[in-house]
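First to last, the protein sequences are chains Y, G, E and V.
Just so you know, we're using our numbering here: the first sequence kicks off at -8 and counts up by one.
Just so you know, we're using our numbering here: the second sequence kicks off at -8 and counts up by one.
Just so you know, we're using our numbering here: the third sequence kicks off at -8 and counts up by one.
Just so you know, we're using our numbering here: the fourth sequence kicks off at -8 and counts up by one.
For glycine and all other residues, C-beta sits at the position ideal for the given N, C-alpha and C.
This report refers to the structure that appears directly beneath it.
Number of protein chains: 4
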Amino acid sequence: MARVSVSVPVRWSDLNAYGHVNNAALLTVLEEARISAFWAGLGSQHPTAVLESGPGASQHTVIASQRIEYRREIPHLREPLEVSLWIGRMGGASLEVHYEVLPPSAGDAADAGERLPYAVAATTLVLVDAATGAPTRIPPAVREVWQRYTDEPVAFRG
Amino acid sequence: MARVSVSVPVRWSDLNAYGHVNNAALLTVLEEARISAFWAGLGSQHPTAVLESGPGASQHTVIASQRIEYRREIPHLREPLEVSLWIGRMGGASLEVHYEVLPPSAGDAADAGERLPYAVAATTLVLVDAATGAPTRIPPAVREVWQRYTDEPVAFRG
Amino acid sequence: MARVSVSVPVRWSDLNAYGHVNNAALLTVLEEARISAFWAGLGSQHPTAVLESGPGASQHTVIASQRIEYRREIPHLREPLEVSLWIGRMGGASLEVHYEVLPPSAGDAADAGERLPYAVAATTLVLVDAATGAPTRIPPAVREVWQRYTDEPVAFRG
Amino acid sequence: MARVSVSVPVRWSDLNAYGHVNNAALLTVLEEARISAFWAGLGSQHPTAVLESGPGASQHTVIASQRIEYRREIPHLREPLEVSLWIGRMGGASLEVHYEVLPPSAGDAADAGERLPYAVAATTLVLVDAATGAPTRIPPAVREVWQRYTDEPVAFRG
């Protein structure tokens, strides 16, 4: 039901020679949003330790695939991008994080009607056993928490 | 019919804290392969100036979308990755570059049977008018050249 | 007299395979601090348009040299780094931005006595004519503003 | 007596919005040259395992400081940069790697007289005990090898 919203500053070094955020750099922006959401958004209130896991944890997630649709070029911005993200699909051992990358939310001009996304994207994460690398089922307690952050899959055009 | 093969060195800074090539950094590797192919591979023999175009050219390409499937983690490698790329689909104003990211080709051990891809990917490029940003049709002379570099679309699992 | 303090989030992709912020990535952190300071710190109150200048402006700055001393490894941090920066030297056509990279300021544990810098650094910027690339003198009005942000040069050990 | 020469390709993502190689990205280029030299240059002929060491080794090097002087802007180049590097100073537990970043060596136009460096730089590395992090003396056998790669310190202007 709930989406998480994370602010991610664009860096000067994210720009390409055309003055727009580079295509690969935007994946780094999604990564920052994803890590921040699991830490600060979901993590602060809920037992999502599985996704905060470092090298020593018994389970961690690996990225299986990504898909991104670039809708408008992103210029250098003084204010951070807003990344809205949620769980668009959940399987037995995997989940899809879906994203909308939005203009900075600050300022009067940015009313809802004008805030078309710069990009939409999805990342498929697989939960694996840290020792063997084999996929493992999402534990029920974690699934229950994540269920609260599910929403409709993002609509790709392509 | 023909695929182009490009060597792209992995950088130490492409590695994440787990010692593997970062998910977004691999998109940068694809970008290097794509630019190099259009310059050195296709570009050296054929009139592909449209894709080599800088800010002053009348047409250039923009990235509309990307999809990538990570199959195995990539460690730090002394030898460059080999990226095999080709045109997997061509539309009226767009083309899809498809890729296989392969282990370094040097050495006896790397016979064909063992060279499973680290990742497969596709990038959709749209040809646009530099002044207006509007999609423009691929000119027949360019289409004819690109036709020689088409092959079957890469097989995604997901 | 005054130093400017800027928060810069560390990104996951700034980490190297040892789990510490990469040496070159820290220069990107300094760059973010520098741009942010000239925009948001000095720029919001003062006529520093010269340093905010884009490709069309008549003067801009180029980086002539940099020096950085790494004192402690920087781990992945949930809270942003604090970069304290000021003008450590000003010449006729150049200025030196000096920096201390500090741990996040939030939290009780971070009292002044414990906040030893992770790194100290200096960047020499030269003011150049945008058309010719030749160094040009800092205009008096700009010099007057910048004077307020000068302080003692940072103390390098090496 | 001997300098090592390493080819490092510039990436499209190394360029900033002005179309030149970003100041921090050039440190990444130096890093690639340094790692490659210790691996492929010195490493292939000599017992320099100490510098090739991964997390499990008993000694490794940490970067204590860096200094770089940017002399000319570096555009996007089809051919790799040539980085010439050598040991400019050696202490009891530390060494300084010095560098000249040169235009691509290929082609008739690039005769010696015209190949002014884009940048010169120095990196101070300290040899430390992997377990304690304390500086440790360079072993005599390693010192003897490294001695062969020493040369005059690079001449900074600033």
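Since residue i and residue j should fall inside the 8 Å C-beta cutoff, what is the C-beta to C-beta distance between them, to a whole number of angstroms?
i, j, result
"L76/E", "R25/E", "7 Å"
"P95/Y", "P71/Y", "6 Å"
Just the C-alpha distance for residue i and residue j, rounded to the nearest angstrom, thanks.
i, j, result
"S49/Y", "V111/G", "28 Å"
"L107/E", "I59/E", "15 Å"
"W137/G", "I78/G", "7 Å"
"V(-1)/E", "E22/E", "10 Å"
"R69/Y", "A16/G", "25 Å"
"H11/G", "H67/Y", "30 Å"
"Y109/E", "N14/E", "12 Å"
"F147/G", "A55/Y", "11 Å"
"Y9/V", "A122/E", "14 Å"
"G82/V", "R128/E", "41 Å"
"V133/E", "N7/Y", "30 Å"
"L86/Y", "R63/Y", "27 Å"
"Q57/E", "I65/V", "16 Å"
"P4/G", "S4/Y", "First, the residue type needs correcting, since residue 4/G is Ser and not Pro in the sequence shown. So the two alpha carbons sit approximately 14 Å from each other."
"H51/V", "V92/G", "31 Å"
"T39/E", "D120/E", "For T39/E, the predicted model reports a pLDDT of 43, less than 50, meaning its position is unreliable and no value from the coordinates is stated."
Who are the near neighbours of residue i in its chain, counting only those whose CB is closer than 7 Å to its CB and skipping five residues on each side?
i, result
"H89/G", "L76, W77, G79, A113, P144 and V145"
"E135/Y", "none"
Measuring CB to CB, does residue i end up less than 8 Å from residue j?
i, j, result
"A84/G", "P131/G", "no"
"L18/V", "L18/E", "yes"
"T115/G", "G149/Y", "yes"
"V74/E", "V20/E", "yes"
With a CB to CB cut of under 6 Å and the five nearest residues on each side skipped, what residues in its chain are close to residue i?
i, result
"A28/E", "V(-5), V(-3) and L76"
"Y140/E", "A(-7), W77 and I78"
"Y61/Y", "A110"
Leaving out the 5 sequence neighbours to the left and right, which residues in its chain are closer than 8 Å to residue i when beta-carbon positions are compared?
i, result
"D142/E", "M(-8), A(-7), R(-6), W77, I78, G79 and H89"
"A101/E", "Bear in mind that the predicted position of A101/E carries a pLDDT of just 49, short of 50, making it too unreliable to give a figure here."
Is there at least one Cβ from chain A nearer than 8 Å to residue i's Cβ?
i, result
"T141/Y", "Here chain A cannot be found, since the structure's protein chains are Y, G, E and V."
| said: By the 8 Å beta-carbon criterion, what residues does the stretch 51 to 75 of chain G contribute toward chain Y? | reply: V53, I54, A55, S56, Q57, R58, I59, E60, Y61 and E64
| query | Taking any Cβ of chain V, which residues in the stretch 2 to 16 of chain Y have a Cβ under 8 Å from it, in chain order? | reply | W3, S4, L6, N7, A8, Y9, G10, N13, A15 and A16
| query | If you measure beta-carbon to beta-carbon, which residues of the stretch 120 to 137 of chain Y are closer than 8 Å to chain G? | reply | none
| said: Along the stretch 74 to 90 of chain V, where does the CB come closer than 8 Å to a CB of chain G? Name the residues. | reply: With the criterion set as a beta carbon lying under 8 Å from some beta carbon of chain G, the stretch 74 to 90 of chain V has no members that meet it.
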